[in-house]
Amino acid sequence: MAHLGGIVSLTRPINSIMVGFAVIVGIGVAFPEMIISIYSLLGFLTGFFISSFSMVVNDYYDVEVDRVNRPDRPLPSGTLSMNSAISLAFVLLSLGIASSLLISFNNFVIASLFALLSWLYNFWGKKRGVMGNVMVALSVSIPYIYGGMAVNNASDPLLIWLALTSFLAAAGREVVKTVCDVKGDEFRKVMSVARVYGPRFASKLGAVMFLMAMASSWIPFIEGIVGMVYAILILIPNLIFAYASIKIVKEPSEASALHVKSIALLGMLIGLMAFLIGGVSP
76 MAHLGGIVSL TRPINSIMVG FAVIVGIGVA FPEMIISIYS LLGFLTGFFI SSFSMVVNDY
136 YDVEVDRVNR PDRPLPSGTL SMNSAISLAF VLLSLGIASS LLISFNNFVI ASLFALLSWL
196 YNFWGKKRGV MGNVMVALSV SIPYIYGGMA VNNASDPLLI WLALTSFLAA AGREVVKTVC
256 DVKGDEFRKV MSVARVYGPR FASKLGAVMF LMAMASSWIP FIEGIVGMVY AILILIPNLI
316 FAYASIKIVK EPSEASALHV KSIALLGMLI GLMAFLIGGV SP
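Residues 76 to 357 in this note's numbering are what the sequence shown spells out, letter by letter.
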């Protein structure tokens, strides 16, 4: 039972469910009639398994840091061995790639690149500051494109704006997170924005990324891709991001950054639903 609990803790299923759901949203935005289909099921499984693979790889490479900061995690606590983690990662990756192959070759390519990006981030990018932030933001936006590809409509204009808006919002959130991770980043020698340039600069850069996400979210309405329902719904996340931007610039502290990264995630989730509902509404 402890072994099973360790697997669940290591794979962080809530995070992986969100990634799988993002693929379904991509399908719904690109081809609403296909949201309830085998493509959604296989797309969800791809996102879920590859995200779980990424979570395992993350803990594998962070085991020494976790021995100090999180000794209760499955690997440093001995609940699971390092060899077990490698085997689990291989199984999860295989399941994710197999699911993508059942959709199309193009989806297989995207899934493989997504998995490679996840591994590269954990192996190399995590300590590379802005580059690592960009890699995380890409991993947030890729599932939407993957969903569009599953229904042969990855170039759908609304889907492209969804991916771009998500990328900008996620990048802003990642930069803000560096403000509350300064102490840990010093221990791990991470060249984060806040550690290299200071919390005030990181806060302003994160706010700029939030504002860019807000601007890009209005383009679909301005171009006539979506109607008034979308315009009303997108106001909610934009107000959240406006508040987050003001909050972090006025108070570039660890406590403020912790608050802002939480509400930014809420804004991203609400924005996601605005794109999905607005895309099928007049």
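Cβ coordinates follow ideal geometry from the N, Cα and C atoms, glycine included.
Keep in mind that this is a model prediction, so the values were computed, not measured.
> Can at least three beta-carbon pairs, one atom from the segment 101-120 and one from the segment 217-231, be found at a separation below 8 Å?
Replying inline: yes
> Since Thr154 is in the alpha helix (DSSP H), which residue starts that stretch and which ends it?
Replying inline: Here Thr154 belongs to no alpha helix (DSSP H), and DSSP marks it neither H nor E.
>> Contact between the segment 254-274 and the segment 219-226 is defined here as three or more beta-carbon pairs at a separation below 8 Å; is this criterion met?
In response: no
> How would you call Lys325, buried or exposed, if buried means at least 16 neighbouring beta carbons within 10 angstroms?
Replying inline: exposed
>> Our contact map puts Leu163 next to Val131 with C-beta atoms below 8 Å; I'd like the distance itself, whole angstroms only.
In response: 6 Å
> Using CA coordinates, which residue listed in Met303, Tyr196, Pro151 and Leu344 is at the minimum distance from Val265?
Replying inline: Tyr196
> What is the C-beta distance between Lys202 and Arg263, in whole angstroms, given that I count them as a contact (C-beta under 8 Å)?
Replying inline: 7 Å
>> So, under 8 Å CB-CB, Ala190 and Phe128 are touching, yes? Tell me the CB distance rounded to an integer number of Å.
In response: 6 Å
> Using DSSP with H/G/I as helix, E/B as strand and the rest coil, what is Ala229?
Replying inline: coil
> Closest by CA to Pro218, which one among Gly81, Val184 and Asp137?
Replying inline: Val184
> If you follow the alpha helix (DSSP H) that Lys258 is part of, which residue opens it and which one closes it?
Replying inline: Val257 to Arg263
>> Extract the residue ranges of the alpha helix (DSSP H) inside the segment 146-196, only unbroken runs of 4 or more that lie entirely within it.
In response: 149-152 and 157-176
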